[in-house]
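Input: a single structure, listed below in structure tokens.
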Amino acid sequence: MFDFSFQLTGEYVAFFILAVCIIAGAVLMISFNKVIHMVVSLAFAFIGLAGMYVLLNAEFLAFVQVLIYAGAISILMIFGIMMTKHDQVDEDVRRPWHEGIVAVGCLALFGILFYAIRSTTFPTANWTPPKDNTLEIGKLLYTEHVIPFELMSVLLTVAFIGAIVLAKREAD
Amino acid sequence: MGTWLQEPLTWTNFAIFLAWGVVFLFIVLGFVTYAIYFERKVIGWMQLRIGPNRVGPLGLFQTLADIFKLLIKEDTIPRKADRWLFILAPVITYVPSFAVLVVIPYTDSLYFTDLNVGLLYYGALSCISTIGIILAGWASNNKYSLLGGMRSAAQMISYEIPLVISVVGVILLNGSLSLRTIVNGQGDYFWQWNFLPQIIGFVVFIIAAVSELNRTPFDLPEAESELVAGYHVEYSGFRFAFFMLAEYVYVFAIASLTTVLFLGGWHAPFPFLTFIPGIIWFILKFMFCVFFLFWLRATMPRIRVDQLMSFGWKVLLPLSLINVFVTAIYVELFIK
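Quick mapping for you: the protein sequence lines, in order, are chains A and S. Note that my numbering numbers the first sequence so that position 9 is 377, with each residue one more than the last. Note that my numbering numbers the second sequence so that position 213 is 197, with each residue one more than the last.
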């Protein structure tokens, strides 16, 4: 279970660098006091995540992740922060026994995850990624999964029109 | 280039990649230096002035002197500014602007990478620069720069949408997001290039691209008469230089992208002209695009804020959607 032998390939190096990016982004997000700093570190974690997708041969998903999460959603959050009271700083509330309990909980969660991951045998099928997986995603989206896709687009259109109607009513 | 990309990553290959990266960085810096000189000269001539002519022969060293001035200037950080974000914002703005150049194919053999999602990569990374600009506006703790940052972010987001949708027609015609495949799909004669079959998409793309670059007539984020200088009011020295650099690197990127998507990349306009190497054709078309941007700047006045938003959402977006629709019908009826 505790046998961590692996070969040091470029993929591993990239994986560890990206993992550090994601974890650093997430930890900083929680430990910063100002909201805007939190958003920036969150965007950093999102970009690290996109890097992980690239490592997993999912380029399309990776750049959609950058476009939607690191780009659009972060900008939306920054806008939201600017419109509201952005000078507010989190007050440090000291509750000593809470921290102890949280630490025990975290360790237990880590133990469970570690045990579950290490005791699972992953199937090692020889799978070769298709040459142009973006094309394959497009084909699947419009043949096998066309109904969920259309439902999603109807839902988004409804939300979009709803937002316009609500904003219009407020303006009048 | 293509064969190296397939080889395993050894230290020699890494050194070769690094060397190419550095060479390319210097090419881009050289472009930026002389694009600024050229812009000032061209606009000067168009307005019956002379333009810079004092430093060096014909004023050729003017921009170098300006850059040197910026580098030795005192670097000021306002006391009330958010110090770390203030330092980080120019970096966040500049890095994506250089990173997007990776996917652009210059000739059939000279390209840095052939991503199968090249176009999406461009759109995604240029979005990150917006975060840098808006953070610069916020971190300066100055109401003018905040207004400039807000305007710029709102404008870049609104025009990003028609920009991306206007190229969907090109993607439909070629069936690929890879920029190299898109160039190869355009024919040998100039009327087979994408700008004629995709004329609506081309016009929408050009307008949205100029707006994306925050250049005249869409330079509202830096409207001098209203906002002092926009999101970089508080920046000085080399931090300011980084914002200007990012802006001109995006000029490079958009001009190359226009060449690749609509003007046939490295193809010659007629087959009998193919004895001239592809890189020359690429550079010629690229320079025409850059010149066109300067020409616009000398010709057009700035448009109003309310007109800007309604123009983007009510004119460009429907036009680009119609273009997608018409192209899809055409592809379904005639190509399939």
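For every residue, glycine included, the Cβ atom is placed at its ideal position computed from N, Cα and C.
Interface residues of chain S facing residue i [CB-CB closer than 7 Å]
i: A:Lys481; result: Just to set this straight, residue 481 of chain A is Leu in the shown sequence, not Lys. Simply none; closest approach about 31 Å.
i: A:Ala411; result: Ile115
i: A:Phe431; result: Val101, Leu104, Tyr105 and Ala108
i: A:Val470; result: Chain S residues near A:Val470: none, gap ~28 Å exceeds 7 Å.
Within chain S, partners of residue i - CB distance below 8 Å
i: A:Gly439; result: Ala108, Cys111, Ile112, Thr114 and Ile115
i: A:Glu467; result: Within chain S, no residue comes near A:Glu467; the closest Cβ sits about 27 Å away, beyond 8 Å.
i: A:Phe490; result: Chain S residues near A:Phe490: none, gap ~25 Å exceeds 8 Å.
i: A:Leu435; result: Leu104, Gly107, Ala108 and Cys111
Minimum C-alpha distance to residue i - residue among the options
i: S:Phe278; options: S:Asp203, S:Ile155, S:Lys298 and S:Val188; result: S:Asp203
i: A:Met451; options: S:Phe236, S:Pro146, S:Val274 and S:Leu130; result: S:Leu130
i: S:Ala213; options: S:Arg135, S:Gly40 and S:Phe45; result: S:Arg135
i: S:Tyr90; options: S:Pro285, S:Ile263 and S:Leu303; result: S:Ile263
i: S:Ser81; options: S:Leu94, S:Thr97, S:Asp66 and S:Tyr105; result: S:Tyr105
i: A:Phe397; options: A:Glu427, A:Phe414, A:Lys536 and A:Phe383; result: Residue 397 of chain A is actually Met in this sequence, not Phe. Measuring from the Cα of A:Met397, the nearest candidate turns out to be A:Phe414.
i: A:Val408; options: A:Met445, A:Leu423, A:Val388 and A:Ile385; result: A:Met445
i: S:Val308; options: S:Val194, S:Thr(-6) and S:Ser150; result: S:Ser150
i: S:Glu196; options: S:Arg38, S:Leu9 and S:Val233; result: S:Val233
Where residue i meets chain A, residues with beta-carbon distance less than 9 Å
i: S:Ala137; result: Ile443, Ile446 and Phe447
i: S:Trp122; result: Ile404, Ile446, Ile449, Met450 and His454
i: S:Met134; result: Phe447 and Met450
Residue-chain proximity (residue i, chain C), Cβ-Cβ < 7 Å
i: A:Thr502; result: Included in the structure are the protein chains A and S, with no chain C among them.
Local conformation of residue i per DSSP, three classes
i: S:Lys53; result: helix
i: A:Lys499; result: coil
i: A:Lys552; result: Chain A is shown from 369 up to 540; residue 552 of chain A falls before or after that span and cannot be answered.
i: A:Lys402; result: strand
i: S:Val212; result: coil
i: S:Glu231; result: helix
i: A:Ile469; result: helix
i: S:Ala252; result: coil
i: A:Asn494; result: coil
i: S:Arg33; result: coil
i: S:Asp59; result: coil
i: S:Ser178; result: In the sequence as presented, Ser is not what sits at residue 178 of chain S; that position holds Asn. If DSSP states are grouped into helix, strand and coil, S:Asn178 belongs with coil.
i: S:Phe202; result: coil
i: S:Met367; result: Absent from the structure is residue 367 of chain S, since the part of chain S shown begins at -15 and ends at 320.
i: S:Val101; result: coil
i: S:Asn307; result: helix
i: S:Asp172; result: coil
i: A:Glu538; result: helix
i: S:Ile65; result: Residue identity differs from the one stated: residue 65 of chain S is Ala in this sequence, not Ile. Of the three classes helix, strand and coil, the one that applies to S:Ala65 here is coil, per DSSP.
Neighbour-count burial assignment, residue i, 16 or more Cβ in a 10 Å radius
i: A:Val472; result: exposed
i: S:Val217; result: buried
i: A:Val395; result: exposed
i: S:Met140; result: buried
i: S:Lys269; result: buried
i: A:Cys474; result: exposed
i: S:Gln182; result: buried
i: S:Gln291; result: exposed
i: S:Thr114; result: buried
i: A:Ile485; result: exposed
i: A:Thr425; result: It should be noted that the sequence gives Asn, not Thr, for residue 425 of chain A. Classification for A:Asn425: exposed.
i: A:Tyr510; result: exposed
i: A:His513; result: exposed
i: S:Gln31; result: exposed
i: S:Gly248; result: buried
i: A:Pro491; result: exposed
Contact list for residue i against chain A, beta-carbon separation under 7 Å
i: S:Val118; result: One point to set straight first is that residue 118 of chain S is Ile, not Val, in the sequence displayed. Going along chain A in sequence order, the residues near S:Ile118 (Cβ under 7 Å) are Ile443 and Ile446.
i: S:Leu161; result: Thr502
i: S:Ile141; result: Ile443
Any non-hydrogen atom of the ligand NAD within 6 Å of residue i CB
i: A:Arg486; result: Summarising the ligand content, the structure contains no ligands, and the ligand NAD is consequently not present.
Contact list for residue i against chain S, beta-carbon separation under 9 Å
i: A:Val542; result: Lying outside 369 to 540, the shown extent of chain A, residue 542 of chain A is not represented and no answer is given.
i: A:Phe428; result: Asn100, Val101, Leu104 and Leu161
**OP:** Anything in the segment 82 to 106 of chain S with a Cβ closer than 7 Å to a Cβ of chain A? List those residues in chain order, please.
**Re:** Leu99, Asn100, Val101, Leu104 and Tyr105
**OP:** Give the residues from the segment 511 to 539 of chain A that approach chain S closer than 7 Å (Cβ to any Cβ), ordered along the chain.
**Re:** none
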